[in-house]
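A short worksheet on the structure shown next.
Number of protein chains: 2
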Amino acid sequence: MMRKILCCLFALGFIFNLEARLSEVEIWDRYEYAHKAKVTGNPFDVSFSATFTHADTSLTVKGFYAGDNVFKLRFMPIKTGKWTFVSQSSEAKLNGLTGSFECIEAGENNHGPVQVANTFHFKYADGTRYYPIGTTSYDWMHIEGDYPEKTVRALEASGFNKIRMLLFVHNFDKDYPEPLLFPFEIKSQSKKADGSIAYEWDFERFNPAYFDMIEARIDALKAIGVEADLILFHPYDEGRWGFDRMPLEVSLRYLEYALARLSSFRNIWWSLANEFDYLRLQAPENWMIFTRQVVANDPYRHLCSIHGSTARYFDYWRDEFTHVSVQDQAPVEGHGRAATVRNIYQKPVIFDEVCYEGNMDNRWGSLSGEEMLYRMWQGIIAGTYVSHSECYMDAPNDYTHDFLARGGDFQGESWKRIRFMRNILEDMPNPLQLSDSSWDPYVSIAGPNYLMIYSGKEVAKEWVFNLPARNPSYPRIKEGTRFKVEIIDTWNMTIEECPIIFEAKNQRYRVCDKENRAVALPERPYLLLRITEVAL
Amino acid sequence: MMRKILCCLFALGFIFNLEARLSEVEIWDRYEYAHKAKVTGNPFDVSFSATFTHADTSLTVKGFYAGDNVFKLRFMPIKTGKWTFVSQSSEAKLNGLTGSFECIEAGENNHGPVQVANTFHFKYADGTRYYPIGTTSYDWMHIEGDYPEKTVRALEASGFNKIRMLLFVHNFDKDYPEPLLFPFEIKSQSKKADGSIAYEWDFERFNPAYFDMIEARIDALKAIGVEADLILFHPYDEGRWGFDRMPLEVSLRYLEYALARLSSFRNIWWSLANEFDYLRLQAPENWMIFTRQVVANDPYRHLCSIHGSTARYFDYWRDEFTHVSVQDQAPVEGHGRAATVRNIYQKPVIFDEVCYEGNMDNRWGSLSGEEMLYRMWQGIIAGTYVSHSECYMDAPNDYTHDFLARGGDFQGESWKRIRFMRNILEDMPNPLQLSDSSWDPYVSIAGPNYLMIYSGKEVAKEWVFNLPARNPSYPRIKEGTRFKVEIIDTWNMTIEECPIIFEAKNQRYRVCDKENRAVALPERPYLLLRITEVAL
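Sequence lines, in order, name chains A and U. The opening position of the first sequence corresponds to residue 259 in this note's numbering, with each subsequent residue numbered one higher. The opening position of the second sequence corresponds to residue 259 in this note's numbering, with each subsequent residue numbered one higher.
Set out below in structure tokens:
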């Protein structure tokens, strides 16, 4: 009896402590409420949710069992002011719990979750423009030692603002070490004939420590302003642990649990899968079942997409998908091609895999740094986005310094140009789009009298000033408008200004210089011409 | 009374005559049943349909009022054997009519309607492969004199097997003559201040003679094996007659009437619109309303799509659309780009406008013949299809010899290469697809050890024999397979065989010749290499 009372007092104290500590929460930050309750039966089976109410808004979120007899609710407030909540549960001890907190203005580095803006682009919830310049590291969250910390530092230093990563660990090869933690409790394990371990999972019981680890990593990304493009399923398990072939109801339960824990993280994006079509034991129709489960369990509607093998385009037009996250290098291997993909979908397009910089003995992991950066710029100039990664192997099967596999420090060349790229984008008045799509694959426009041309691999002595007369979004260039041209070397990271001031002379389809003058070019590839109005 | 009896006897005689004449109908040909009945009120308001029944199949088709107190039913039998029908009508005289006919085997030139096959391609209903090589002439059906006959002869001579054309006449300019016939009865007409005619239409009454004319043209196309891609709405009226801005219910009534008359034509395809987005007085949501009206009134599900302005991709993934019929030149201006569009849609893709050969003073009607043919081949080699047209003006505003406008004889150069192109396609064992899509934009495969490479505008002295090791549909090329290479000049229409027999040597991603030999090439553009196995 005494023990029960103590336990109760402890639980109350726990709540009060939390309430005191969390009574103020920034908008788009995370409010967490924990409640200690010993339940009979499997605590992961307890239904537990809460409705959070603001003056005129209310959102219901699922809670989850966090281990050690603690149940938690997490919530991302989307408006400033007072929020109150009341819980619902199949378990009396968890039903009717209430609480409240004050949601305050965002702090300096808090812009809210990233959302779709202007059909093809992104903004943070506070209206700040977000240009996704991401990289990929499948396993960085799962690696022992200082890899995770190193990875976060490398991301911060490089300027990447998004990373794709796996929620389930990747089986790189049979000698790849067993991870420390697994998402499910182990029922039993045994050695197979070949020396590898056969696990029997208790799919009814998650391992909260596993998710705690994932969450700490995602929060570390948040702290440096990096979006976490979290891949919920992947085929690189190949039956070693079996998370690529869980029964449908186990997968749905996993998604519900992961979403209850993670959807309040403002920097999270959902990627239903990497190379979904290589998960050959999943029925094709499962992908929309999983996607709907994600959407149904995410009251904030974080960005959500799915990724397939090369040129495998999923049904991205479905409402559940906020954007296109596709693997395909062909549309970024030439001028203007990527625009066709966005013309089709009328959604933001991210080419989330276009091969990688590296030294691998295959055709997808052996791009030069120049080629990696070139593909990124070809996508960007056409109004889409392209993700980076690099895979430098120390030896065959030695993934020690392979960023794609394990994270850590970058080894290559393209990553060094990312901050420079990002600065150019963030200086623009608006995102890029082809000025005269399908007619001119070179010239992109980012605002009134603000245009860019990317030379790619073409090398020329000069560029005769000429631009499309039309564009889809801004006033036509007026006769007599004066322009300067900056020559940006995207590889060497230099910006040089052409001394000529050009003056627009209008023709039917083009705008030329009144004297047909040209910009002298350094005879190098990968140049970006930034053509902007000069005030009179 | 005597008159009534005579009338009745006449009607009966009429039926018996028809029954006798039409008692045998080829499969996919048209059975027509006419019934004379004087009704009170507007005969176009009478609901009239019939259910046609075969042993295990039954289809309901709408009938229509054909003028002169005659109501008609048209039906395209889809199975051989006996068909019977019984009619339904709001009008007692038209209700419960019955009849039957024998559906016999198809004649020599009757392959049935064209349907989608192998996801990306087409076949006739009898299984014969159909490669759409179409052209476009908006108004050829509406022009007086011998234009229609000339057009049909020109199509027959050229080898085109599809034509896009407008159901409503095109207003080319204000001096363009008034057509002889209109689809609706004229309520009144008056001269406007500028001398043009203002019509008041009786939208409740169609002009059967107008549809008779259209139908005769479509049957003339059928007789020469040309598919009629009939455009149901277009913006080139600009209010002159107002068929671009009819009220929604008038548009739906028009579609119902047109479909009752035309859906039994086996060579018909539905194109909801040309440049739908330029019909600015149509609400955007109308297009799916119209499309559903077409599908609901076509029991045979003829091919159905919609066409927009440049790079305006409609929601082609919707089930109502059997294929993509898009205006966009960008995907056919380089190697392999068109494949991205088909990868996305997983449907047949026809680039139904990629600019035209001609001498017009604009950028869309002034391609050279070479450029027109080049774009067609670029689409074809990537596993899609591309439509032709030409517009040669005698003078500004003189459309006399403009095939795109009026039909008649071809004036240009590309049309002369169409039969040759078609023969190459029809010789293939299967349709083309890129062998290693997104990795190699040059090499296309049409069957086991049957590959093609299109040089386009690139000019080279030789081609070192090498092919992708992989392809999505057929067995890999086996080591030691012997190949010959034919050099096809698509412009000069010559086929030359390289004297070397190559022998496959397999590498990881490529197949080379065991001695790395090359094909010597004539230094000309527009070559097609046909690489096929040679029996040992």
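All C-beta atoms, glycine included, are put in the ideal place defined by N, C-alpha and C.
Where do the N-terminal and C-terminal ends of the alpha helix (DSSP H) with Pro466 (chain A) fall, by residue? Pro466 to Ala481
Integer-rounded CB distance, given that Glu737 (chain A) should sit under 8 Å from Ala762 (chain A): 6 Å
Between the stretch 589-609 of chain U and the stretch 463-476 of chain U, are three or more C-beta pairs nearer than 8 Å? no
Do you know offhand how far Ile564 (chain A)'s Cα is from Asn532 (chain A)'s? 7 Å
Determine the chain U residues that contact Arg511 (chain A) at a beta-carbon separation under 8 Å, and present them in chain order. Within 8 Å Cβ-Cβ: nothing; Arg511 (chain A) doesn't reach chain U, min ~31 Å.
Distance between Gly705 (chain U) and Val792 (chain U) (C-alpha atoms, nearest Å): 14 Å
Output the boundary residues of the beta strand (DSSP E) element that contains Ile526 (chain U). Ile526 to Ser529
For Tyr708 (chain A), the three-state DSSP class (helix, strand or coil): strand
Check the Cβ-Cβ distances between Thr377 (chain A) and every residue of chain U, and say whether any is below 8 Å. no
contact_flag[the stretch 510-526 of chain U, the stretch 548-556 of chain U] where n(CB pairs < 8 Å) is 3 or more: yes
Tell me whether Ala295 (chain A) is buried or exposed, calling it buried when 16 or more other Cβ atoms sit within 10 Å of its Cβ. buried
Looking only at its chain, what residues have a beta carbon closer than 7 Å to the beta carbon of Gln587 (chain A), apart from the 5 residues adjacent to it on each side? Val612, Cys613 and Arg633
Alpha carbon to alpha carbon, what distance is there between Val410 (chain U) and Met399 (chain U)? 10 Å
DSSP three-state label for Pro437 (chain U), please. coil
Measuring alpha carbon to alpha carbon, tell me which residue in A:Phe440, A:Ile391, A:Ser626 and A:Trp286 is nearest Val484 (chain A). A:Ile391
Give a yes or no on whether 8 Å exceeds the smallest Cβ distance from Ala278 (chain A) to chain U. Low confidence applies to Ala278 (chain A): its pLDDT is 49, below 50, so where it sits in the model is not reliable, and the reading given next is rough at best. Not closer than 8 Å to any Cβ of chain U, the Cβ of Ala278 (chain A) fails to qualify, so no.
Which of the residues in the stretch 522-548 of chain U, read from start to end, lie with their CB under 7 Å from any CB of chain A? none
Excluding the five sequence neighbours on either side, which residues of its own chain have a C-beta within less than 8 Å of the C-beta of Arg768 (chain A), listed in chain order? Asn724, Leu725, Pro726 and Ala727
8 Å is my cut-off, CB to CB: does Trp575 (chain A) come that close to chain U? yes
My output table needs one value for Glu507 (chain U): the three-state DSSP class, helix, strand or coil. helix
Host alpha helix (DSSP H) of Glu533 (chain U) (start-end): Looking at the DSSP string, Glu533 (chain U) is not in any alpha helix (DSSP H), and its letter there is neither H nor E.
Using alpha carbons as the reference points, say which of A:Leu539, A:His428, A:His560 and A:His646 lies closest to Gly370 (chain A). A:His560
Please specify which runs of the alpha helix (DSSP H), each continuous and at least 4 residues long, are wholly inside the stretch 626-677 of chain U, giving them in chain order. 627-639 and 661-664
If we cut at 8 Å on Cβ distances, does Val701 (chain A) have a partner in chain U? no
Arg279 (chain U) in three-state terms, based on DSSP: Its pLDDT being 49, under 50, Arg279 (chain U) is placed unreliably by the model, and the measurement read from it follows with that caveat. Reduced to three states, the DSSP call for Arg279 (chain U) is helix.
Taking the CB atoms as reference points, tell me whether Glu443 (chain A) and Asn429 (chain A) lie closer together than 8 Å. no
Establish whether the CB of Val769 (chain U) and some CB of chain A are separated by less than 8 Å. no
Per-residue contacts from Thr642 (chain A) into chain U (C-beta, under 8 Å): Within chain U, no residue comes near Thr642 (chain A); the closest Cβ sits about 12 Å away, beyond 8 Å.
Put Glu720 (chain U) into one of helix, strand or coil per three-state DSSP. strand
From U:Gly641, U:Val599, U:Thr658 and U:Leu662, residue whose alpha carbon lies closest to that of Gly623 (chain U): U:Leu662
Amino acids of chain U, ordered along the chain, whose beta-carbon sits closer than 8 Å to that of Val599 (chain A): Thr598 and Ile602
Any heavy atom of the ligand MG closer than 7 Å to the beta-carbon of Pro371 (chain A)? In terms of ligand content, the structure shown is empty, and the ligand MG therefore cannot be addressed.
By Cβ distance below 7 Å, which residues in the same chain neighbour Leu537 (chain U) in space, the five residues on each side in sequence not counted? Phe491, Pro493, Asp502 and Ala531
Whose CA, out of A:Glu629, A:Glu284, A:Ala569 and A:Lys772, lies closest to the CA of Glu366 (chain A)? A:Glu284
Own chain residues within Cβ distance below 6 Å of Gly357 (chain A), not counting five before or after: Tyr291 and Phe343
Looking only at C-alpha atoms, which of A:Asp495, A:Asp487, A:Gln636 and A:Asn525 sits nearest to Lys480 (chain A)? A:Asn525
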